[in-house]
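*Asks:* Structure below; questions to follow.
Number of protein chains: 2
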Amino acid sequence: MKARAADLAPRLQHVEDQFVELWNNMANLWGISPTMARIHGLLYITGAALSMDDIMDRLAISRGNVSMNLSKLVEWGLVRRVHKKRDRKEYYESLHDVWEMFTLVASQRKRRELDPIINTLRRCKEQLAPESLGPKAAEEAPRARLQRINDLLKFLTLVDSLAQRFFESHRGLREAIELLAQE
Amino acid sequence: MKARAADLAPRLQHVEDQFVELWNNMANLWGISPTMARIHGLLYITGAALSMDDIMDRLAISRGNVSMNLSKLVEWGLVRRVHKKRDRKEYYESLHDVWEMFTLVASQRKRRELDPIINTLRRCKEQLAPESLGPKAAEEAPRARLQRINDLLKFLTLVDSLAQRFFESHRGLREAIELLAQE
DNA sequence: TGCACCTTTTAGTTCTGATTGAAAATTGTA
DNA sequence: TACAATTTTCAATCAGAACTAAAAGGTGCA
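Top line first, the protein sequences correspond to chains X and W. To convert, count from 1 in the first sequence and add 122; that's this note's numbering. To convert, count from 1 in the second sequence and add 122; that's this note's numbering.
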């Protein structure tokens, strides 16, 4: 099938819409809200710096909603504000590098979600420590629970330290991992 | 602080409650619903085989809700049904191994979430392929979009293949990873 | 400085998905 | 087989998150 030039724009837009919808579905996986994801998807796929109005029109989202979600995206570091000369509007542009986006999201989720969990677990652990339970603490029930908390803690601190290591040097690791995957 | 035997049970319960609450907070990270997570948390931390009534009472959740969430947990493979002799009730018991639980959750999320995304991306890619765009396809816009879709696809297939590899042999990998983390 | 243009905030509304309770279905036992 | 115990299903309800529209707040230019 050959496309005339006039067909190109709507077809491109159709692909972009599919992509935005895709990003919407990915929201859960990335742990961000669907609308935030859609906006980011649009910015990523077009590669352009868009204004709030552009986004409102294209995705049929209210101004306030776009505003709030854009600030969150900027806060996450996935999107940058850009100023155009002779234009008072602000424009927004997505990062381009997939690895960088992934690292940003992952490191923030670690900080917001994983770290507090590990802290709470440590607190649970203390409460079950033999010295805080008195001499009878050799009983079955607390010992078993302590064991399970320890298993979990061990696993999560492992994940934590691997993640940390990755964030600190993902540029270098990237090649290594890509090689590893091809093997 | 020394604890008398009588103090032990309520204190243990208090720690368990904290743990269930923690699991509740982890739900988002694991991609399961909070109530499902709380039920699983209770089963994991107590290490016991509990009946629906036990769970209803302990977590203050309705019977229907417990029933639905337990089936989902069984479906995910995180919880097993167990039968006790001379008792018509069914009892439910969590897996104990943290790595196994993680692998189960991750492999299912991959199948439910990641795989469809990769498929959709491939479809987007085809629609932007030069041959489907006609002779004028060398234009800037589609080329740039195709590039970004390819970047993404490359990243996601990489994640996919690493995950696959992990699921197939996490028992072996486990030791290697633990060593790596200590380095 | 004041105005016109944009963005942010917020109070109220809408929507989605979770939860309940009770009826229906199932299961095991006498 | 019948019945009592238990689980599942499902329509109605509820709660919280997301969204909107409009008012308030900034910002840069004349």
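Ideal Cβ positions, reconstructed from N, Cα and C, are used throughout, including at glycine. Keep in mind the model is a prediction, meaning the values are calculated, not measured.
Inspect the beta-carbon positions of I239/X and L164/W and report whether they are closer than 9 Å.
*Replies:* Within the first sequence, the letter at position 117 stands for residue 239/X. Within the second sequence, the letter at position 42 stands for residue 164/W. Not a contact, by the Cβ cut-off of 9 Å.
*Asks:* Does the segment 184 to 192 of chain X come close enough to the segment 239 to 250 of chain X that 3 or more CB-CB pairs lie under 8 Å?
*Replies:* At 8 Å Cβ cutoff, the stretches do not touch.
*Asks:* Nearest to S173/X by CA position, among L302/X, S229/X, R203/X, Y213/X, is which residue?
*Replies:* Position 51 of the first sequence, counted from the first residue, corresponds to residue 173/X. Nearest of L302/X, S229/X, R203/X, Y213/X to S173/X, Cα basis: Y213/X.
*Asks:* Out of L280/W, V142/W, L130/W, point me to the one whose CA is closest to W221/X's CA.
*Replies:* In the first sequence, counting from the first residue as 1, residue 221/X sits at position 99. Residue L280/W is the option with its Cα nearest to W221/X.
*Asks:* Look up R203/W in the DSSP assignment and give the residues it is bridged to.
*Replies:* Position 81 of the second sequence, counting from 1, holds the residue named residue 203/W. Answer is Y214/W, bridged to R203/W.
*Asks:* Can you tell me whether S173/W is helix, strand or coil according to DSSP?
*Replies:* Counting from one through the second sequence, the residue named residue 173/W turns up at place 51. Three-state result, S173/W: strand.
*Asks:* Please classify E300/X as buried or exposed, where buried requires at least 16 other C-beta atoms within 10 Å of its C-beta.
*Replies:* Translated into positions along the first sequence, residue 300/X becomes position 178. E300/X should be labelled exposed.
*Asks:* Does the beta carbon of P132/X sit closer than 9 Å to a beta carbon anywhere in chain W?
*Replies:* Within the first sequence, numbered from 1, the residue matching residue 132/X stands at position 10. For P132/X, the answer is no, since every Cβ of chain W falls outside 9 Å of its Cβ.
*Asks:* For S216/X, is the classification buried or exposed, using 16 other Cβ atoms within 10 angstroms of its Cβ as the cut-off for buried?
*Replies:* Locating residue 216/X in the first sequence gives position 94, counting from the first residue. It is buried - the Cβ of S216/X has at least 16 other Cβ atoms within 10 Å.
*Asks:* Kindly indicate if chain X contains any beta-carbon less than 9 Å away from that of F288/W.
*Replies:* In the second sequence, the residue the question calls residue 288/W occupies position 166. So no, F288/W is outside the interface.
*Asks:* Using a beta-carbon distance below 9 Å, is Q249/X in contact with chain W?
*Replies:* Along the first sequence, read from residue 1 onward, the residue named residue 249/X stands at position 127. True, the Cβ-Cβ gap to chain W drops below 9 Å.
*Asks:* Hey, could you find the ends of the alpha helix (DSSP H) E197/W is sitting in?
*Replies:* As a first step, residue 197/W must be located in the second sequence, where it is residue number 75. Segment 185 to 198, the alpha helix (DSSP H) holding E197/W.
*Asks:* Identify the contact partners of E73/W in chain X, using a Cβ-Cβ distance below 7 Å as the criterion.
*Replies:* Absent from the structure is residue 73/W, since the part of chain W shown begins at 123 and ends at 305.
*Asks:* If I measure Cβ to Cβ from A251/X and keep anything under 8 Å in the same chain, skipping five residues before and after, which residues do I get?
*Replies:* The count along the first sequence starts at 1 and reaches residue 251/X at position 129. Closer than 8 Å at Cβ, skipping near neighbours: L268.
*Asks:* Could you check which residue in V204/X, A228/X, D282/X, A171/X has the C-alpha nearest to that of L88/X?
*Replies:* In the structure as shown, chain X starts at 123 and stops at 305, and residue 88/X therefore has no counterpart that could be examined.
*Asks:* Is the distance from the Cβ of R270/W to the Cβ of G169/X below 9 Å?
*Replies:* In the second sequence, counting from the first residue as 1, residue 270/W sits at position 148. In the first sequence, counting from the first residue as 1, residue 169/X sits at position 47. In this structure, G169/X lies closer than 9 Å to R270/W by Cβ.
*Asks:* Anything in chain W within Cβ reach of G169/X, meaning under 7 Å, just list it in chain order.
*Replies:* Within the first sequence, the letter at position 47 stands for residue 169/X. By Cβ distance, chain W contributes A266, R270.
*Asks:* Any beta carbon of chain W sitting closer than 9 Å to that of Q140/X?
*Replies:* Here residue 140/X refers to the residue found at position 18 of the first sequence. It does: the Cβ of Q140/X has a partner Cβ on chain W nearer than 9 Å.
*Asks:* Is the Cβ of M158/W closer than 9 Å to any Cβ of chain X?
*Replies:* Here residue 158/W is taken as the residue at index 36 of the second sequence, counted from 1. Not an interface residue.
*Asks:* Between which residues of its own chain and L302/W is the CB-CB distance below 6 Å, once the five residues before and five after are set aside?
*Replies:* Within the second sequence, the letter at position 180 stands for residue 302/W. No residues qualify anywhere along the chain.
*Asks:* Thinking C-beta only, is L278/W closer than 9 Å to K247/W?
*Replies:* Translated into positions along the second sequence, residue 247/W becomes position 125. Translated into positions along the second sequence, residue 278/W becomes position 156. Result no, Cβ atoms of K247/W and L278/W do not sit closer than 9 Å.
*Asks:* Does DSSP classify G153/X as helix, strand or coil?
*Replies:* Here residue 153/X is taken as the residue at index 31 of the first sequence, counted from 1. Coil, per DSSP.
*Asks:* Using the rule of at least 16 other Cβ atoms within 10 Å of the residue's Cβ for burial, across every protein chain shown, is P264/X buried or exposed?
*Replies:* Reading the first sequence from its first residue, position 142 is the one you call residue 264/X. Its Cβ being crowded by 16 or more others within 10 Å, P264/X is buried.
*Asks:* DSSP on R208/W, reduced to helix/strand/coil?
*Replies:* In the second sequence, counting from the first residue as 1, residue 208/W sits at position 86. In this structure, R208/W counts as coil in the three-state DSSP scheme.
*Asks:* Would you mind sorting N272/W into buried or exposed? The rule is 16 or more other CB atoms within 10 Å of its CB.
*Replies:* Within the second sequence, numbered from 1, the residue matching residue 272/W stands at position 150. Result: exposed.
*Asks:* Does any residue of chain X bring its CB to less than 9 Å from the CB of H218/W?
*Replies:* Locating residue 218/W in the second sequence gives position 96, counting from the first residue. Chain X, which has a Cβ nearer than 9 Å to the Cβ of H218/W, makes this yes.
*Asks:* Who are the Cβ neighbours of R133/W in its own chain at under 6 Å, not counting the five residues just before and after it?
*Replies:* The residue you call residue 133/W lines up with position 11 of the second sequence. Within the same chain, R133/W has no close Cβ partners at all.
*Asks:* Going by C-alpha to C-alpha distance, which of G153/X, A131/X, D139/X sits closest to E235/W?
*Replies:* The count along the second sequence starts at 1 and reaches residue 235/W at position 113. The candidate whose alpha carbon is nearest that of E235/W is G153/X.
*Asks:* Chain X partners of T242/W, CB-CB under 9 Å?
*Replies:* To locate residue 242/W, count along the second sequence from 1; it is residue 120. Chain X residues near T242/W: Q140, F141, E143, L144, N147.
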